[in-house]
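Peer 1: When we follow this note's numbering, the leftmost residue of the sequence shown carries the number 10, and every step to the right adds one. Positions of the beta carbon are idealized from the N, C-alpha and C atoms, including for glycine. Before I ask anything, let me first share the structure, which is written out below as structure tokens.
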Amino acid sequence: MSLKLFIALVVTILIGGLVSLAGSQGGATAGSIPVFLICGLLAFGINWLAFIPANAAKTEKYYDLTGSFTYLSLMIIAGVLSAPLDARSMIIALMVIVWALRLGSFLFLRIRDDGGDQRFDEIKKSPARFFLTWSMQAIWVLLTAASALVIITNSTRLPLDIFAFVGIGLWIAGFAIEVVSDRQKREFRKVPENKGRYISTGLWAWSRHPNYFGEILLWTGVTVASLPVLSGWQWVTIISPIFVAFLIIRISGVPKLEAHAKKKWGDEKGYQDYVSSVPLVIPRPPKG
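Structure (structure tokens):
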């Protein structure tokens with residue numbers, strides 16, 4: 010393992026540990042161990058175990074499925090160890106479970122149909138890089154679900170309030186946008202005439218990445234619902250939607266897709282007009 014990869018792995022683990030400790034303050038414990046911390050350890054443990062057979066077979070086929078399984082495991086373990094739960098905790102846990110089941114199955118079926126994920130073509134050739142990728146998935150799950158975990162494991166239980174209702178509303182809106190945009194793109198690709206083309210209809214006429222906007226919005230909703238129960242170092246967990254937005258817009262989502270699209274259709278006048286008239290992420294009604 011190169012020094013660069015080693016440093017990246019250490020930083021990933023360190024961030025996971027610090028967030029787990031911060032989120033644990035004032036939370037439920039199992040014996041003497043904070044439940045939030047147990048969830049942090051579980052996130053890394055699941056992905057590191059899944060890496061072993063994946064690396065042996067040099068396959069990324071179960072990468073996204075493992076991510077969804079990690080979300081489900083954290084919600085269930087956190088709920089069981091922090092019981093009894095209040096309405097806020099149960100609703101948030103259920104929302105994350107529904108989201109994880111939907112996205113996990115969607116991504117798994119897509120990678121099965123496509124035969125693979127080109128992002129991993131070079132990465133899986135190096136065990137060290139591949140291991141770091143699975144570790145990154147662990148920290149992705151932990152940071153994304155941080156607001157949900159702090160609600161579920163918190164010793165402070167409050168009745169549903171305006172923050173809960175606004176947060177749930179934002180989640181419903183974000184989830185609907187994500188599901189509808191994914192479905193529109195899937196149906197678009199089923200048409201033979203659209204093979205190798207970009208979609209610019211439906212929600213994709215409002216945003217070049219409406220599914221990502223929905224993702225950011227739903228996690229923002231979870232964080233809004235968590236605000237009344239936060240105290241002390243638990244406020245660190247509001248990093249959840251910030252991390253999701255940064256990861257999507259600046260690192261792994263939008264930049265790669267935009268670069269691929271520019272390389273493929275950048276010389277076409279129609280695509281140039283589409284890029285100039287349709288927002289990158291935040292939706293806006295089509296002009297005209």
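Under DSSP, the alpha helix (DSSP H) around Lys271 begins and ends at which residues?
Peer 2: Val263 to Trp274
Peer 1: Whose CA, out of Ile106, Leu51, Gly279 and Val89, lies closest to the CA of Ala1?
Peer 2: The shown model of the chain, from 10 to 297, leaves out residue 1, and the question about it has no answer.
Peer 1: In terms of alpha-carbon separation, which member of Thr162, Trp149 and Val238 lies closest to Arg170?
Peer 2: The residue asked about is misnamed: residue 170 is Asp in this sequence, not Arg. Residue Val238 is the option with its Cα nearest to Asp170.
Peer 1: At the level of alpha carbons, what is the spacing between Pro136 and Phe78?
Peer 2: 22 Å
Peer 1: With respect to the alpha helix (DSSP H) encompassing Pro62, which residues constitute its N-terminal and C-terminal limits?
Peer 2: Val44 to Ala66
Peer 1: Helix, strand or coil for Gly205? Go by DSSP, reduced to three states.
Peer 2: coil
Peer 1: Can you tell me which of Gly35, Phe53 and Pro250 puts its alpha carbon nearest to the alpha carbon of Gln146?
Peer 2: Phe53
Peer 1: Is the distance from the Cβ of Thr153 to the Cβ of Phe60 below 8 Å?
Peer 2: In this structure, the beta-carbon distance from Thr153 to Phe60 does not fall below 8 Å.
Peer 1: Would you identify the three-state DSSP class for Thr38, choosing helix, strand or coil?
Peer 2: strand
Peer 1: Closest to Lys67 by CA distance: which of Leu158, Val290, Lys204 and Phe140 is it?
Peer 2: Phe140
Peer 1: CB-CB under 7 Å to Val44, same chain, minus the five flanking residues each way: which ones, in chain order?
Peer 2: Contacts found: Gly36, Ala37, Thr38, Ala87, Leu90, Ser91 and Thr162.
Peer 1: Return the CA-CA distance between Gly49 and Leu23, expressed in angstroms with no decimal places.
Peer 2: 11 Å
Peer 1: Under the rule that 16 or more other beta-carbon atoms within 10 Å means buried, what is Trp180, buried or exposed?
Peer 2: Classification of Trp180: buried, given that the 10 Å Cβ count is 16 or more.
Peer 1: Sorted by chain position, which residues of the same chain lie with C-beta nearer than 7 Å to Tyr71's C-beta, five sequence neighbours on each side aside?
Peer 2: Ala59 and Ala63
Peer 1: Can you tell me where the alpha helix (DSSP H) with Gly279 in it begins and where it stops?
Peer 2: Lys278 to Ser286
Peer 1: Check for me: the alpha helix (DSSP H) holding Thr7 runs from which residue to which?
Peer 2: A question about residue 7 goes unanswered here, because the residues of the chain that appear run from 10 up to 297.
Peer 1: Would you decide whether Val159 is buried or exposed? Buried here means 16 or more other CB atoms lie within 10 Å of its CB.
Peer 2: buried
Peer 1: Whose C-alpha, out of Arg166, Arg192, Ser82 and Ile16, is nearest the C-alpha of Ile47?
Peer 2: Ser82
Peer 1: Pop quiz: Ile208 and Ile257 are said to be a contact at Cβ under 8 Å. What is the actual Cβ separation, rounded to whole angstroms?
Peer 2: Contact flag wrong, Cβ pair sits at about 18 Å.
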